[in-house]
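Colleague:
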């Protein structure tokens with residue numbers, strides 16, 4: 317990652333020329349990001365300013381090379397670090413659309429889905445790639461703490477693995493499985509390991525006070541219940557301890573805990589063969605962030621499981637990891653057009669762009685920090701510190717505070733970095749703003765992967781009672 321602080325004396329071009337890691341999650345910018353001869357930002361061989369001319373702004377831009385390298389590093393490192401069978405599955409809640417699913421699947425990864433909509437999207441992508449229903453089902457794991465009966469029926473019909481989260485879901489699946497199915501329902505059990513990690517309160521899911529997973533004190537009762545229902549084929553255990561994690565130790569501890577529970581399940585006669593340790597590896601949003609590399613994380617997590625299995629003389633289960641943010645986060649950027657300026661003397665200068673909290677809700681939701689550049693003026697040094705404001709009718713619609721930039725002018729193209737995860741997927745139509753378009757860039761080619769919404773799209777689901785029509 318660029319190690320120098322992006323101070324007023326630096327230009328965007330100098331920032332881009334800083335050292336880069338081969339691990340995508342340790343960089344703030346996509347791997348292909350560079351300044352061209354005109355001092356303008358290019359990603360994937362495409363000039364960002366020209367992409368905005370062609371597709372409009374705001375615009376999500378995804379770098380295919382960065383995404384593929386992250387997929388490959390997870391896949392290959394896990395193979396090297398773990399002697400048994402292994403599988404990387406993409407936590408698609410980070411960004412779910414047909415094209416992203418297709419790229420990820422082409423790299424041999426599976427999918428973690430958390431809703432009927434994500435399941436449908438993934439199935440459509442895999443089917444359009446030519447996979448058979450059985451091949452597609454083998455790649456998909458369905459998560460969620462409150463799956464509806466309809467979603468469970470859809471998952472059963474698809475044949476994917478269902479990660480059972482609670483007693484109601486377990487009972488519902490037992491009932492559905494007794495209704496004349498020709499094959500047992502393939503399930504895994506999500507357990508709450510009681511591990512704390514230093515991340516935002518809303519994205520810590522592994523501690524005991526969590527809405528996710530069975531309580532560890534109920535493990536034996538859960539195992540007993542599952543063993544009494546032959547229509548449920550329990551293939552493994554799952555746990556996830558949070559997101560945007562920079563520490564190695566929590567996942568090492570998790571491997572040891574899950575193997576202990578795995579041994580208990582085997583002793584109670586369950587046909588367990590898979591162990592899913594979740595994901596959660598963090599990425600760089602600013603220079604202060606320092607996550608482990610993908611290789612470091614995979615090796616530490618895999619070796620923890622190996623050591624725990626050796627200590628208990630257990631055969632190695634199939635090991636599954638489910639990264640999301642660390643696959644797509646750094647691959648994405650968002651391009652905006654600069655608009656108005658407001659100077660509050662001796663307090664701050666506001667620079668407004670044509671998007672904001674509807675296309676990136678993370679700053680107002682999680683107080684998340686980002687870095688930004690003027691894509692069309694990279695060679696110019698930073699001369700002012702500004703507050704980057706969105707256009708929404710909301711005082712809290714602030715994307716970045718204390719941002720160093722050249723003196724921004726209306727019409728400049730400003731790029732916020734590391735927006736590939738949880739930006740489009742959490743976007744909204746607040747203030748009735750249409751969602752932005754998204755493009756996938758690679759080797760100088762840009763392909764539209766998400767169309768920009770129109771005003772007509774905004775009212776497509778609206779209904780007007782007949783009595784209100786004159």
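Numbering (the working numbering), first residue to last: 317 to 786.
Note that CB positions come from ideal geometry on N, CA and C, so glycine has one too.
Quick caveat: nothing in here was measured; it's all calculated off a predicted structure.
(1) In this structure, does DSSP put residue 460 in helix, strand or coil?
(2) Taking the straight line between their C-alpha atoms, what separation do you get for residue 461 and residue 354?
(3) Taking the alpha-carbon of residue 526 as reference, which of 382, 507 and 359 has the nearest alpha-carbon?
(4) Flag this pair as yes or no: are the beta carbons of residue 719 and residue 344 separated by less than 8 Å?
(5) Should residue 613 go down as buried or exposed, given a rule of 16 or more other Cβ atoms within 10 Å for buried?
(6) Would you list the residues sitting across from residue 480 in a DSSP beta bridge?
(7) Among 610, 741, 376 and 661, whose alpha-carbon lies nearest the alpha-carbon of residue 397?
(8) Jot down the residue ranges of each uninterrupted alpha helix (DSSP H) in the region 516–571, minimum 4 residues, whole runs only, in chain order.
(9) Where DSSP assigns a beta bridge to residue 362, which residues make up the other side?
(10) In the DSSP assignment, find the unbroken alpha helix (DSSP H) run with residue 770 in it and report its ends.
(11) Could you give the DSSP three-state label for residue 345: helix, strand or coil?
(12) Between the beta-carbon of residue 379 and the beta-carbon of residue 688, is there less than 8 Å?
(13) Could you pull the start and end residues of the alpha helix (DSSP H) that residue 443 belongs to?
(14) Let me know the secondary structure DSSP gives residue 496 once reduced to three states.
(15) Is DSSP giving residue 623 helix, strand or coil here?
(16) Pop quiz: residue 703 and residue 714 are said to be a contact at Cβ under 8 Å. What is the actual Cβ separation, rounded to whole angstroms?
(17) Within 10 Å of its beta-carbon, does residue 771 have 16 or more other beta-carbons around it, so buried, or fewer, so exposed?
(18) Identify the continuous alpha helix (DSSP H) that holds residue 681 and give its terminal residues.
(19) Please report how far the alpha carbon of residue 385 lies from the alpha carbon of residue 530, in whole angstroms.
(20) Below 8 Å, can you find three or more Cβ-Cβ pairs linking the region 719–728 to the region 743–758?
(21) Which full runs of the beta strand (DSSP E) of 3+ residues lie inside the region 678–723, going along the chain?
(22) With distances taken between CB atoms, is the gap from residue 616 to residue 567 smaller than 8 Å?
(23) Since residue 639 and residue 597 are thought to touch, with beta carbons under 8 Å apart, how far apart are those beta carbons, to the nearest angstrom?
Modeller: From the atom records:
(1) For the purposes of this step, residue 460 is taken as residue 144 along the chain shown, with counting starting at 1. DSSP places residue 460 in coil when its eight states are reduced to three.
(2) Numbered from 1 along the chain shown, position 145 holds the residue referred to as residue 461. Numbered from 1 along the chain shown, position 38 holds the residue referred to as residue 354. Going from the Cα of residue 461 to the Cα of residue 354 covers about 51 Å.
(3) Start at 1 with the first residue of the chain shown, and residue 526 comes out as number 210. When only C-alpha atoms are compared, the closest one is 507.
(4) Within the chain shown, numbered from 1, the residue matching residue 719 stands at position 403. Within the chain shown, numbered from 1, the residue matching residue 344 stands at position 28. No.
(5) To locate residue 613, count along the chain shown from 1; it is residue 297. Counting Cβ neighbours within 10 Å, residue 613 comes out buried, since at least 16 surround it.
(6) Stepping through the chain shown from its first residue, residue 480 is reached at position 164. 505.
(7) Your numbering for residue 397 matches position 81 in the chain shown. When only C-alpha atoms are compared, the closest one is 610.
(8) 535–543
(9) Counted from its first residue, the chain shown places residue 362 at position 46. Answer is 359, bridged to residue 362.
(10) Translated into the one-based positions of the chain shown, residue 770 becomes position 454. Neither: residue 770 is in no alpha helix (DSSP H) and is coded neither H nor E.
(11) Along the chain shown, read from residue 1 onward, the residue named residue 345 stands at position 29. Looking at residue 345 - three-state DSSP - the assignment turns out to be coil, as it is neither helix nor strand.
(12) For the purposes of this step, residue 379 is taken as residue 63 along the chain shown, with counting starting at 1. For the purposes of this step, residue 688 is taken as residue 372 along the chain shown, with counting starting at 1. Their beta carbons are not under 8 Å apart, which means residue 379 does not touch residue 688 by this criterion.
(13) Residue numbering aside, residue 443 sits at position 127 when the chain shown is read from its first letter. Looking at the DSSP string, the run of the alpha helix (DSSP H) that includes residue 443 is 432–444.
(14) Your numbering for residue 496 matches position 180 in the chain shown. In this structure, residue 496 counts as coil in the three-state DSSP scheme.
(15) In the chain shown, the residue the question calls residue 623 occupies position 307. It is helical.
(16) Position 387 of the chain shown, counting from 1, holds the residue named residue 703. Position 398 of the chain shown, counting from 1, holds the residue named residue 714. The C-beta separation of residue 703 from residue 714 comes to about 6 Å, placing the pair in contact by the 8 Å criterion.
(17) As a working note, residue 771 is residue 455 in the chain shown. Label assigned to residue 771: exposed.
(18) For the purposes of this step, residue 681 is identified with residue 365 of the chain shown, where counting begins at 1. Its alpha helix (DSSP H) spans residues 678–682.
(19) What you label residue 385 is simply residue 69 of the chain shown in a count that begins at 1. What you label residue 530 is simply residue 214 of the chain shown in a count that begins at 1. If you take the alpha carbons of residue 385 and residue 530, they lie about 35 Å apart.
(20) no
(21) Whole beta strand (DSSP E) segments, 3+ residues: 688–690, 700–705 and 714–721.
(22) What you label residue 616 is simply residue 300 of the chain shown in a count that begins at 1. What you label residue 567 is simply residue 251 of the chain shown in a count that begins at 1. Yes. Within cutoff.
(23) Walking along the chain shown from the start, residue 639 turns up at place 323. Walking along the chain shown from the start, residue 597 turns up at place 281. So it is a contact: roughly 6 Å between Cβ atoms.
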